[in-house]
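Q: This is the structure I want to talk about, given as structure tokens.
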Amino acid sequence: MALELGTKPVGRLLVQYAMPAIIAMTASSLYNMVDSIFIGQGVGPMAISGLALTFPFMNLSAAFGAAVGVGASTCISVKLGQRDYSTAQNILGNTVTLNTIVGVVFAVVALLFLDPILYFFGASDKTIPYARDYMEIILLGNVFSHMYFGMNAVLRASGKPRHAMYATMFTVIMNTLLDPLFIYTFDLGIRGAAYATILSQTLALTWQMWLFADKSQLLHLSRGIYGLKKTLVRNIIGIGMSPFMMNVCACIVVIFINKGLLEYGGDLAVGAYGIANRIAFVFVMVVMGINQGMQPIAGYNYGARNTARLMKTLKLSMLAATVVTTSGFLVAELIPETCARLFTGDDELIGLAANGLRIVMLTFPVVGYQMVVTNFFLSIGMAKTSIFLSMSRQMLFLFPLLLLLPLEFGVDGVWMSMPISDAVAALVTLWLMVRYMNKMKVENQML
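At position 257 of the sequence shown the residue is numbered 257 (our numbering), and the sequence of numbers has no breaks.
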């Protein structure tokens, strides 16, 4: 099946690979929304603020997961394109080992210093009980979460995007069923949402491992592939460093967003960001689905030196992503109160969230292509360029704005910093993409 990446028409191939990933990522975003909705409606507005404080934790956990999962899936795609099946098999084994190590170490360290970390993330005495209750359960199951996300990335890279979609959809359905059971029936509150999350991911992981146990498949679990190999680990982490840095930067930025909102707007402003972030996340995850569908196609054709198919894949992906983020912009500007009301019945929180949502997504139409181009450079092994694009939006542009704008505009300054940084980052991305395409034209003329 992997061979079709180099032969099938690009448009049909992108739909084939991206659509399951889009469905899976949309389901994943709804998965997070379900938690927030049940917590907000069932536990209260302050619980929404407590949940928002866990976003930096989630970003940090995702950073380590992406360093392994995204790096491994990209390496596997390239090796399959080069028909180096033995190395691809060893990458699979090293992915399992690395995910286990990283998942356990991250959980142990985070649990030991949980309260100080949450206060550093912007918690107050009112919100930390909710954040602590949620994160204790999430961290205890962290190794299963890491492995689940890592195996899903490998499934997509090995030509099984539908299986990755099924795994994600299963977790959404299970989480939706278990949330009300644990939160209301068992009266576990915000802890119930965490139990539902971990249990659904663990069940999905069990099915993934069963799939990889099938020895008739090109990639499968077998003896002798789990020992860490220095070259493979270096390649995995080297490519995975871009999404790792992107998520670490996101963690740092969200900390400052939470602190700024707490200082200038109070605990409910933090909750408003939690709501706005969840809504924006739906559209971001759709674009990530497009990226995940693009990644194996781009990686394979780059490895096979098929430039025409590579560039067509990029252009179609950018077009699709722009349509998605423009749709998000329209939703945010036209019906923000309706979106916020899904999460809470508190009028003050609804007003704060609606205002924040309008501002945050003001320049959202340009976010789609910026995300695609960043992932494109990652998919073809240009990790340094991808890291720069990831870092520039968050650290070079957003971070300084978060420090300066609130001094003049208060809580609105915190919100305004996000769309301004998106616009500047999009211009930088455009410049780098034009340079790369010009370079490709010159190289093709020399052949």
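Heads up, the beta-carbon is just placed ideally off N, CA and C, and yes, glycines get one too.
1. Identify, in the order they occur along the chain, each residue of the same chain with its Cβ nearer than 7 Å to the Cβ of MET288, setting aside the five sequence neighbours on each side.
2. Just mark MET1 as buried or exposed, buried being the case when its beta carbon has 16 or more other beta carbons within 10 Å.
3. From this set, TYR134, THR231, HIS163, SER158, which residue's C-alpha is nearest ALA193's C-alpha?
4. Tell me whether the beta-carbon of HIS220 lies closer than 9 Å to the beta-carbon of LEU92.
5. Rounded to the nearest angstrom, how far is the Cβ of ILE239 from that of GLY71, given a contact under 8 Å?
6. By how many angstroms is the C-alpha of VAL372 removed from the C-alpha of ALA23?
7. Do you know offhand how far TYR226's Cα is from LEU232's?
8. With burial defined as no fewer than 16 other Cβ atoms inside 10 Å of the residue's Cβ, what is the status of SER216: buried or exposed?
9. On the three-state DSSP scale, how would you describe ALA123?
10. Classify PRO485: buried if its beta carbon has 16 or more other beta carbons within 10 angstroms, exposed otherwise.
11. What first and last residue would you give for the alpha helix (DSSP H) that runs through ARG162?
12. Are PHE57 and PHE244 closer than 9 Å when you measure CB to CB?
13. Rounded to whole angstroms, what's the CA-CA distance from SER28 to LEU205? Just pull it up for me.
14. Out of PRO116, MET391, ALA276, which one is the CA nearest neighbour of GLN370?
15. Rank ILE335, PHE121, VAL102 by C-alpha distance to the C-alpha of GLY260 and give the top, closest one.
16. Measure the C-alpha to C-alpha separation of LYS160 and VAL411 and round it to an integer number of angstroms.
17. Consult DSSP for MET1 and reduce its assignment to one of helix, strand or coil.
18. Classify ALA213: buried if its beta carbon has 16 or more other beta carbons within 10 angstroms, exposed otherwise.
19. Is the number of C-beta pairs between the region 334-352 and the region 265-275 that are closer than 8 Å three or more?
20. According to DSSP, is MET241 part of a helix, a strand, or is it coil?
21. Apart from the five residues on each side of it in sequence, which residues of its chain come closer than 6 Å, Cβ to Cβ, to VAL282?
22. In terms of alpha-carbon separation, which member of ARG162, THR197, HIS163 lies closest to ILE173?
23. Go through the region 183-229 residue by residue and report every complete run of the alpha helix (DSSP H) that reaches 4 residues or more, in order.
24. Just how far apart, CA to CA, sit THR127 and MET46?
25. Are the CB atoms of GLY368 and THR322 nearer to each other than 9 Å?
26. Quick check on this structure: which residue in GLY299, ALA67, ILE290, ASP179 has the alpha carbon closest to the alpha carbon of VAL324?
27. Are ALA425 and VAL360 touching if we call contact CB-CB under 9 Å?
28. Of the residues PHE388, PHE377, VAL78, PHE409, which one's Cα is nearest the Cα of GLY299?
29. Run through the region 39-115 for me and flag every whole beta strand (DSSP E) of 3 or more residues, listed as ranges in chain order.
30. Give the secondary structure of THR325 by DSSP, where H, G and I count as helix, E and B as strand, and everything else as coil.
31. Using the C-alpha atoms, what's the distance from MET382 back to ASN375?
32. Expressed to the nearest angstrom, what Euclidean distance is found between the alpha-carbon atoms of ILE279 and ASN235?
33. Would you please state the rounded distance, in angstroms, between the beta carbons of ASN142 and ALA107? I believe it to be under 8 Å.
34. Which one of LEU398, THR385, LEU402 has the shortest CA to CA distance from ALA423?
35. Got a sec? Which residues, its chain only, sit under 6 Å from TYR264 by beta carbon, not counting five neighbours each side?
A: Taking the structure as given:
1. MET25
2. The pLDDT assigned to MET1 is 48, lower than 50, so where the model puts this residue is not dependable; a value taken from the coordinates is nonetheless given after this. The residue in question, MET1, is exposed, as its Cβ has fewer than 16 Cβ neighbours within 10 Å.
3. TYR134
4. yes
5. 4 Å
6. One point to set straight first is that residue 23 is Ile, not Ala, in the sequence displayed. Their Cα atoms are separated by approximately 17 Å.
7. 11 Å
8. exposed
9. coil
10. Since the first and last residues shown for the chain are 1 and 447, residue 485 lies out of range.
11. 161-180
12. no
13. 15 Å
14. MET391
15. PHE121
16. 45 Å
17. Since pLDDT at MET1 reaches only 48, below the 50 mark, its modelled position is unreliable, and the value read off the structure follows with that caveat. Of the three classes helix, strand and coil, the one that applies to MET1 here is coil, per DSSP.
18. exposed
19. yes
20. helix
21. SER29
22. THR197
23. 190-212
24. 6 Å
25. yes
26. ILE290
27. no
28. VAL78
29. none
30. helix
31. 10 Å
32. 35 Å
33. 4 Å
34. LEU398
35. PRO406, GLY410, VAL411
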